[in-house]
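> Going by this note's numbering, the first residue of the sequence shown is number 316, and it counts up by one from there. All C-beta atoms in this analysis are idealised placements derived from N, C-alpha and C, irrespective of residue type, glycine included. For reference, the structure I am asking about is given below.
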Amino acid sequence: MNAAEFKSKVLPISRKLHHFATLLLRDSSEAEDAVQEVCLRLWKIRDSLDSLNNMEAFAMKVTKNWCLDRLKAKKPVYIDNYQAGYDRQSAESDPQRFLESTDRLSLLRLIIDKLPDQQRLIIQLRDLEGLEFDEIVEITEMNLNAVRVNLSRARNRIREEFFKYETYGK
């Protein structure tokens with residue numbers, strides 16, 4: 316694979332890799348480092364990339380592994396704006412509704428942050444990134460049933476926590 320082919324196949328997915336790395340690392344500057352490192356690693360093995368069935372899933376797996384290694388090396392630093400790629404100013408004119416939706420989004424962030432690592436990763440890949448199950452299986456190196464079980468448990472936990480909050484205010 317030459318430089319032009321690499322640019323046309325790998326660089327278009329770098330924004331998605333950056334967003335994914337930001338979700339895992341919770342730091343945009345570290346996510347930039349992760350994407351640069353992943354692109355460098357992919358460049359080093361560029362001759363074998365043509366044999367891959369799904370370049371994007373492979374790049375996501377490399378990103379996931381790099382980020383998890385980084386998190387193991389040090390404790391993660393939590394920042395308030397963890398999901399900046401999905402936050403958008405509300406077009407609603409009703410301030411009450413805007414505050415309610417902002418509160419619900421903050422609660423969702425807190426609940427997702429408290430999920431076990433595997434469940435948090437899978438819910439981010441499936442519900443936030445919109446990946447298909449086969450791509451998640453390839454990225455996480457888990458079998459399909461384990462992915463489905465973890466996703467179901469994560470969704471149930473989120474639903475239960477929202478119910479507790481709506482019912483008891485906690």
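For a quick check, are the C-beta atoms of Phe321 and Arg361 less than 8 Å apart?
Cβ distance < 8 Å, so Phe321 and Arg361 count as in contact.
> Can you tell me whether DSSP reads Glu347 as helix, strand or coil?
Here Glu347 sits in helix by DSSP.
> If you follow the alpha helix (DSSP H) that Arg463 is part of, which residue opens it and which one closes it?
Residues 459 to 483.
> What residues in its chain sit with their C-beta under 8 Å from that of Leu367, if we drop five residues either side in the sequence?
Taken in chain order, the residues that qualify are Phe373.
> For Asp395, I'd like the list of residues in its chain whose CB is within less than 8 Å of its CB, leaving aside the five on either flank, ordered along the chain.
Low confidence applies to Asp395: its pLDDT is 46, below 50, so where it sits in the model is not reliable enough to give any reading.
> State yes or no: is the C-beta of Ile437 within less than 8 Å of the C-beta of Thr455?
Going by C-beta atoms, Ile437 is nearer than 8 Å to Thr455.
> Buried or exposed for Trp381, going by 16 or more other Cβ atoms inside 10 Å?
Under this definition Trp381 is a buried residue.
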